[in-house]
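In our numbering, the protein residues as written are 440 to 588. Think of the CB as a built atom: it goes at the ideal place given N, C-alpha and C, for glycine as much as any other residue. As structure tokens, the structure follows; a few thoughts come after it.
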Amino acid sequence: MASDVLLAADGHWPRLLTELAGLSPEQLQDRHQPCPACGGTDRYRWDRDDGPGGWYCNQCGGRERSGGGGSGMDLLLRVTGWDFATAARHLEAHLRLEQPKPLRAALPPSCRSAASGAPCLLGWPAGFCCPHAAPLAKSGAGIPSGVAR
Ligand SMILES: [Zn+2]
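Dropping the structure here:
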């Protein structure tokens, strides 16, 4: 969902624009300078790092592209020339890289095969049964929350 992507990107726009659109840190400063999208000398400034990000260009900014402000997503679209769906795909792929790996993926292969197969005799959820569950329980970690029972 595109709205999920925007939610996930919230607060990360300076970094995302650097990494996906190739903007320099200077172009993400709140001072007048050439616009990354349409050039000029001092028509543009970045003005919001948090939330959806924000910038202003009195040449190409705004909904009508005749001067005004926009979000980080607006600037990404304008600088890269991507349409919204393409940008959303790039963001999704980019943001996913940084999420921690699911706990189950860190379990030994034998346990993962158990997760897809027979139910645990002790009633542990799939993926946390038998030899692998015991050390988890002993260490006080217990069954990680969020694991479907
Ligand atoms: Zn511009």
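| said: For a quick check, are the C-beta atoms of Gly500 and Trp494 less than 8 Å apart? | reply: yes
| query | Among all the DSSP beta bridges, which residues are the ones paired with Met472? | reply | In the sequence under discussion, the amino acid at residue 472 is Gln, which differs from the Met named in the question. In DSSP, Gln472 forms a bridge with Tyr483.
| 8 Å Cβ cutoff met for Leu530 and Val444 | yes
| Can you name, in chain order, every residue of its own chain whose Cβ lies under 7 Å from the Cβ of Ser510, other than the five neighbours on each side? | Pro491, Gly492 and Gly493
| field | Outcome for Pro453 when other beta-carbon atoms lying within 10 angstroms are tallied against a minimum of 16 | value | buried
| task | With DSSP as the reference, label Trp452 as helix, strand or coil. | result | helix
| task | Any chance you could list the residues with Cβ under 5 Å from a heavy atom of ligand 1, keeping chain order? | result | Cys474, Ala476, Cys477, Cys496, Gln498 and Cys499
| said: Can you look up Gly478 in the DSSP assignment and give me helix, strand or coil? | reply: strand
| task | In angstroms with no decimal places, state the Cα-to-Cα distance between Ala448 and Asp488. | result | 11 Å
| task | Starting from the Cα of Gly507, find the closest Cα among Asp522, Ala527, Arg535 and Arg482 and give me that residue. | result | Arg482
| Whose CA, out of Arg470, Gln472, His451 and Gly461, lies closest to the CA of Arg517? | Gly461
| request: Count the other CB atoms, across all protein chains shown, that sit within 10 Å of the CB of Arg484; report buried if there are 16 or more and exposed otherwise. | output: buried
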